[in-house]
Amino acid sequence: MAWALLVSFVIGAVCALRMPILVFTLVVIAVMIACGVASYATGSSFLHAIGWGLIFAAVLEAGYVFTHGVLFFLYARRANNERTSRKVHSKYSAD
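In terms of my numbering, the sequence shown has 58 at position 40, counting the first letter as 1, and numbering is strictly consecutive.
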């Protein structure tokens, strides 16, 4: 089960690169429902099926948020470096 959670995290992280949050939320809801139905159909209890569906949804979302956090820190660091490089004076006026 740990591999399934790791794969879900990686899928969420990869989806964060190009998929808008609304579309990703719809995908997560579909995965949660499909996981719950498949688990219930194989003989798990109803609460157990819902619990694992929620766990997979949470891990997908965690991967998505992790990638956005990494990208934020990368872009924030670059923005700080660009601001300091703008202090270089030009021989041309701003007008």
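Glycine included, C-beta positions come from ideal geometry on N, C-alpha and C.
As the structure is a prediction and not an experimental result, all values here were calculated from the model.
CB contact flag (F27, F90, <9 Å)
In this structure, F90 does not lie closer than 9 Å to F27 by Cβ.
Work out the CA separation of L40 and A52 for me, nearest whole Å.
18 Å
For M133, name the three-state secondary structure that DSSP assigns.
As shown, the chain starts at 19 and ends at 113. That puts residue 133 outside it, with no answer to give.
Assuming G61 is part of the alpha helix (DSSP H), what are its boundary residues?
Looking at the DSSP string, G61 is not in any alpha helix (DSSP H), and its letter there is neither H nor E.
Out of V77, A31, G54, V49, which has the shortest C-alpha to C-alpha gap to L23?
V77
Taking a contact to mean a Cβ-Cβ separation below 9 Å, would you say A32 touches G87 in this structure?
Residue 32 is actually Val in this sequence, not Ala. No, the Cβ-Cβ distance between V32 and G87 is not below 9 Å.
If you count every other CB in all the chains shown that lies within 10 Å of the CB of I61, and 16 or more means buried, which is it?
The displayed chain sequence assigns Gly, not Ile, to residue 61. Answer is exposed; the Cβ neighbour count stays below 16.
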